[in-house]
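Student:
Residue numbers (the working numbering), protein chains in the order written: chain A, 1 to 74; chain B, 1001 to 1406.
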């Protein structure tokens, strides 16, 4: 699964696909390929929504100055 | 109180006192008076020489000359300004050179209304404004789908619990990161600055909430600290200020990219609602199948007209093609449903609620849409040559704008 950044990309790509499909001069093969891609993108996007439980972390600085995001009990 | 003038009245045959002697006697007499608190309005404030302050305290019927010696002035949290009402603690004396009564102030504190605190706040606000930190054009839009939401607040506070509850309900597909700091008391400003600096160094954050639950004006003081406000302004990612107080606006509210009235409201602004996004995806799915269906329809029509032109020789093959095209069109919707739903009825999850992803909702999240005079949306840099006038649609109206020259 891609990150939620991927969700934004998926939505933008889906819009582009719908716009392309609305153009009549598009070759039929190409239209079907776009449709297939659109369905796959939709499936990914829905995957984001169904995803996992909220992850809670706490940001801390360790003695050597490095940052650490440790899991936090909900 | 038994005050005695330190000089005996002269007998007629004695020499008269000098003016200096009488004024010195008066001074000694006044210094027997106890130290008192006086409430009054400051006027004619001036700073002289080594840093001593002179001003007049007045009320409706009387005025009193006051001095704060430089050494005491340095201990004061801020200079008073004309018009301010203060409590001044000190003692009466005389200023011999002018034969004037003078109040020597050792301590100066604000009255609840219009005191130092309000003054310091206004000074800080002006300083932030001077540095451009309050400018509307600094405000950044919030990310649409944040993967990591930072929260600078107290680990023990209600604010953190409220934010966790809202994000868990709306957008669980993310990481919620606590960056702990005390939010009230003397250490709060320093700890908030440290937490904000820590957050600024962490590369994975997409948006940062800074705040606390409701409290009295005093409880919220740390969020009126100029250094805290500057640390919020310095955040590399967009910020949401959430100080639980509807009436007062704090300095962090002013510098943050977005202000929320409560921590829960901040969480709602920080993340989208997955149900709304599901509705948006459903709309996209409809567009996709409709567009694809129409495209296949056009294909079918072309095949038909080709068939008419080409005649019987190729009729069989054409019929096959037509059949395939029709089947594809009919199958489109069903195939899409099958692939997407995996047995789950989407309709169940889609309420009849308003579409929360309407353009207005997007505008509410801080986005704006530039359009030209004809109403066309301007999407690219090329549409904005210097000097171009355009209109900026924001959530509650439209702003006339112009691209700056060079």
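Every residue, glycine too, gets a C-beta built ideally from N, C-alpha and C.
Would you report the Cα separation of residue 1293/B and residue 41/A, rounded to the nearest angstrom?
Tutor: Distance between the alpha carbons of residue 1293/B and residue 41/A is about 18 Å.
Student: Kindly indicate the opening and closing residues of the beta strand (DSSP E) around residue 1066/B.
Tutor: Taken as a continuous stretch (DSSP letters only), the beta strand (DSSP E) holding residue 1066/B covers 1063-1068.
Student: Cβ atoms of residue 1215/B and residue 1263/B: under 8 Å apart, would you say?
Tutor: Their beta carbons are not under 8 Å apart, which means residue 1263/B does not touch residue 1215/B by this criterion.
Student: Can you check which of these residues, 1254/B, 1230/B and 1234/B, is closest to residue 1241/B by C-alpha distance?
Tutor: The shortest Cα separation from residue 1241/B among 1254/B, 1230/B and 1234/B belongs to 1254/B.
Student: Spell out whether any CB of chain B is found under 8 Å from the CB atom of residue 16/A.
Tutor: Taking Cβ atoms only, chain B never reaches closer than 8 Å to residue 16/A, which makes this a no.
Student: Name the chain A residues whose beta carbon is nearer than 7 Å to that of residue 1193/B?
Tutor: Residues of chain A passing the Cβ test: none, with the nearest at roughly 14 Å.
Student: Would you kindly report the start and end of the unbroken beta strand (DSSP E) that includes residue 1039/B?
Tutor: Residue 1039/B -> beta strand (DSSP E) spans 1036-1048.
Student: With a cut-off of 8 Å, does the C-beta of residue 13/A fall near any C-beta of chain B?
Tutor: With 8 Å as the cut-off, residue 13/A does not count as an interface residue toward chain B.
Student: Quick one, are the C-beta atoms of residue 56/A and residue 1164/B less than 8 Å apart?
Tutor: Yes. Within cutoff.
Student: Taking the alpha carbon of residue 46/A as the point to measure from, which residue in 1283/B, 1385/B, 1393/B and 1291/B has its own alpha carbon closest?
Tutor: Here the closest residue by C-alpha is 1283/B.
Student: By the three-class DSSP mapping on this structure, what secondary structure does residue 72/A have?
Tutor: Here residue 72/A sits in coil by DSSP.
Student: Assuming residue 1288/B contacts residue 1235/B (C-beta within less than 8 Å), just tell me the rounded distance between them.
Tutor: With a Cβ gap of about 38 Å, residue 1288/B and residue 1235/B do not count as contacting.
Student: Is residue 1288/B helix, strand or coil when you go by DSSP?
Tutor: Residue 1288/B falls in the helix class under three-state DSSP.
Student: Whose C-beta lies closer than 8 Å to the C-beta of residue 1265/B among residues of the same chain, with five residues either side of it excluded?
Tutor: Here the set comprises 1242.
Student: Quick check: is the beta carbon of residue 31/A nearer than 8 Å to any beta carbon in chain B?
Tutor: With 8 Å as the cut-off, residue 31/A counts as an interface residue toward chain B.
Student: Would you check if there are 3 or more beta carbon pairs closer than 8 Å linking the stretch 1024-1035 of chain B to the stretch 1073-1084 of chain B?
Tutor: These segments do not touch.
Student: Cβ closer than 7 Å: which chain B residues qualify as neighbours of residue 63/A?
Tutor: What residue 63/A touches in chain B: nothing, since even the nearest Cβ is about 14 Å away.
Student: Which two residues bound the contiguous alpha helix (DSSP H) that contains residue 38/A?
Tutor: Where residue 38/A is concerned, the enclosing alpha helix (DSSP H) stretches over 28-50.
Student: Please say whether residue 1108/B and residue 1094/B have beta carbons closer to each other than 8 Å?
Tutor: Their beta carbons are not under 8 Å apart, which means residue 1094/B does not touch residue 1108/B by this criterion.
Student: So, do the stretch 1119-1129 of chain B and the stretch 1181-1194 of chain B have three or more beta carbon pairs nearer to each other than 8 Å?
Tutor: Output reads no: the stretch 1181-1194 of chain B does not touch the stretch 1119-1129 of chain B.
Student: For the stretch 1174-1185 of chain B, enumerate the residues whose C-beta is nearer than 8 Å to any C-beta of chain A, in chain order.
Tutor: For the stretch 1174-1185 of chain B, which is checked against every Cβ of chain A, the residues closer than 8 Å are 1174, 1175, 1176, 1177, 1178, 1179 and 1180.
Student: Kindly list the residues whose CB is nearer than 7 Å to the CB of residue 1371/B, restricted to its own chain and excluding five residues on each side of it in sequence; keep chain order.
Tutor: Excluding sequence neighbours, residue 1371/B sits near 1377, 1378, 1390, 1391 and 1393.
Student: Just the chain A side, please: which residues come within less than 8 Å of residue 1287/B by C-beta, in chain order?
Tutor: The answer, in chain order, is 18.
Student: With DSSP as the reference, label residue 1143/B as helix, strand or coil.
Tutor: It is coil, neither helix nor strand.
Student: Determine the contact status of residue 1208/B and residue 1237/B, defining contact as a CB-CB distance below 8 Å.
Tutor: A contact, by the Cβ cut-off of 8 Å.
Student: How about residue 118/A and residue 21/A: do their beta carbons lie closer than 8 Å?
Tutor: Residue 118/A cannot be examined here, being either before or after the span of chain A that is shown, 1 to 74.
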